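A.B. asks: For the sequence shown, position 52 matches number 52 in UniProt numbering, and the numbering has no gaps at all. Quick one: this structure, given as structure tokens, is what I'll be asking you about.
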Amino acid sequence: MTLEQFTQSDGQIARRYDYEDESVLAVDFGSVNADATTDLADGTVIVIIDDQQYEFDLPEGAADAHTFIRNGVLTVELEGNQ
Numbered sequence: 001m002t003l004e005q006f007t008q009s010d011g012q013i014a015r016r017y018d019y020e021d022e023s024v025l026a027v028d029f030g031s032v033n034a035d036a037t038t039d040l041a042d043g044t045v046i047v048i049i050d051d052q053q054y055e056f057d058l059p060e061g062a063a064d065a066h067t068f069i070r071n072g073v074l075t076v077e078l079e080g081n082q
């Protein structure tokens, strides 16, 4: 599932920010006080919040990505412009 499909089907708010040397994807899961984790596997971002799992694919050509989740907001940093 791409980020656009993910946000449309699950109603999440997502933004993409493009900078000179990186792109940043931010997905707001709402004010979540629950345990949340994120992982990256074979170009797919996996987010687990309580008992629910969410997945979406990184943009094509994304070589190096870093993910973290804080206060219910998932951040994916992509080196270079995708």
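Glycine is no exception: its CB is placed at the ideal position from the N, C-alpha and C atoms. Just so we're clear, the structure is a prediction, and the values are computed from it rather than from any experiment.
Quick check: E79 and D64, are their CB atoms within less than 8 Å of each other?
C.D. replies: It is a contact, given that the beta carbons lie within the stated cut-off.
A.B. asks: So, helix, strand or coil for residue 123, using DSSP?
C.D. replies: Outside the modelled stretch of the chain, which goes from 1 to 82, sits residue 123, for which no answer is possible.
A.B. asks: Starting from E22 and walking both ways along the beta strand (DSSP E), at which residues does that stretch end?
C.D. replies: Here the beta strand (DSSP E) through E22 covers 22–28.
A.B. asks: Are there 16 or more other CB atoms within 10 angstroms of the CB of A41, so buried, or fewer, so exposed?
C.D. replies: With fewer than 16 other Cβ atoms within 10 Å, it is exposed.
A.B. asks: With 16 other CB atoms within 10 Å as the buried threshold, where does F68 fall?
C.D. replies: F68 should be labelled exposed.
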